[in-house]
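Below is one structure, written out as structure tokens; comments come after it.
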Amino acid sequence: MLHPFGIQGPQGQLYESHPPLCPAGTWLSPVEWLGFLTMKFDQISEPLDLRLADGLTRLAAVARQLDWQAATSAGLSPTQADILCFVANRPEGSRLTAAAAHAGVRKATASDAVAALESKDLLHKYGDASDARAVTLKASVAGQEIAQSWPRSFAPVVAGLSKAEQEVLLGLVIKMIRQLQQRQLIAPQRTCVACRHFRENVAPGTKSPHFCALVSAPMGDRHLRVDCAEYESAA
Ligand code: SF4
3 MLHPFGIQGP
13 QGQLYESHPP
23 LCPAGTWLSP
33 VEWLGFLTMK
43 FDQISEPLDL
53 RLADGLTRLA
63 AVARQLDWQA
73 ATSAGLSPTQ
83 ADILCFVANR
93 PEGSRLTAAA
103 AHAGVRKATA
113 SDAVAALESK
123 DLLHKYGDAS
133 DARAVTLKAS
143 VAGQEIAQSW
153 PRSFAPVVAG
163 LSKAEQEVLL
173 GLVIKMIRQL
183 QQRQLIAPQR
193 TCVACRHFRE
203 NVAPGTKSPH
213 FCALVSAPMG
223 DRHLRVDCAE
233 YESAA
């Protein structure tokens, strides 16, 4: 019987090796064969972190494409859409620098995007009482409406996972965001793990090991927030 990498023996217990994984004519027991294959794949595979990075790049490309489509149909550039959603999620207003850092663009690029959003009456600038030179950005009612109905570009990516898998992935995503923040490779995010109200793992071994002091409630990993409006920096 043909096997993807060799030939199954008459009793089904032996496999003849197949190039290029093993010299032709070599006979191995199933256990040896599996060990051999594992060893071979350790040798012939790209490092795990590189394959994982490749996979994430593919997923990001899908999400980016969906973002482009949504932005185009709303008459916005992806940067304008990103900044509008960021500002609209902050009713108290946002500084240009923070919006630029969130979008991952230079301040001048963010400034152009803000000017375009202003011209479309989706966002306005206000003077800042605490700093005469600074301005605060706030979304207009029309801007709020667009931002609230903005599609989550990664939604189709995670839709194929079970709830349990999504919970595991959420924990990993928050861990990655936390490490990126510690290395200053990402703008500060309003996540639980960087919030002054967060009490991490205060009830170890339970389903809700964490605690949010703001609402005085226990939290499980599935409850952790990536962008919480009530967040206050622990720094
Ligand atoms: S206030 Fe929000 S970000 Fe802070 S711990 Fe509570 S849920 Fe998390």
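Under the numbering used here, the letters of the sequence shown match residues 3 to 237, in that order. The C-beta atom is built at its ideal place from N, Cα and C for all residues, glycine as well.
Option in the options with minimal Cα separation from residue i
i      : options                           : result
Gln146 : Glu94, Gln191 and Met178          : Glu94
Asp123 : Ala141, Asp223 and Ala103         : Ala141
Ser235 : Pro190, Ala205 and Arg227         : Pro190
Gln150 : Ala237, Val89, Ala219 and Val33   : Val89
His245 : Leu163, Pro49 and Gln183          : Shown here, the chain extends from 3 to 237; a query on residue 245 therefore has no answer.
Gly207 : Thr193, Asp223, Arg192 and Cys194 : Asp223
Ala117 : Leu36, Thr74, Leu86 and Glu202    : Leu86
Val228 : Asn91, Lys209, Thr59 and Glu34    : Asn91
Val159 : Leu61, Ala131 and Ala115          : Leu61
Ala131 : Leu54, Arg97 and Ala102           : Arg97
Cys230 : Asn203, Glu202, Arg192 and Val204 : Arg192
Ile188 : Ala161, Ala101, Ala205 and Gly37  : Ala101
Residue i (DSSP reduced to helix, strand or coil)
i      : result
Arg227 : coil
Phe200 : strand
Ala134 : strand
Lys140 : strand
Pro158 : helix
Gly37  : helix
Lys209 : coil
Pro220 : strand
Ala61  : Reading off the sequence, residue 61 comes out as Leu, not Ala. It is helical.
Ser235 : strand
Gly173 : helix
His5   : Confidence at His5 is low in this model, with a pLDDT of 47, below 50, so its placement is unreliable and the value that follows should be read with caution. Residue state, collapsed to three classes: strand.
Exposed unless 16 or more other CB atoms sit within 10 angstroms - verdict on residue i
i      : result
Met178 : exposed
Gln181 : exposed
Met221 : buried
Ala63  : exposed
Asp84  : buried
Arg66  : exposed
Ile46  : exposed
Thr99  : exposed
Leu50  : exposed
Ala219 : exposed
Handout entry: At least 3 beta-carbon pairs within less than 8 Å: the region 195-202 vs the region 212-231
Key = yes
Practice task
Under 6 Å from any heavy atom of the ligand SF4, by CB: list those residues in chain order, please.
Solution key: Cys194, Cys197, His199, Phe200, Cys214, Leu216, Arg227, Cys230, Glu232 and Tyr233
Practice task
Inspect the CB distances between the region 168-175 and the region 72-83 and report whether three or more fall short of 8 Å.
Solution key: no
Exercise for the section: Please determine if the region 128-140 and the region 29-45 are in contact, where contact requires at least 3 C-beta pairs separated by less than 8 Å. Expected result: no
Problem - Stretch-stretch touch, CB-based, cutoff 8 Å, three pairs: the region 116-131 with the region 64-71 - result: no
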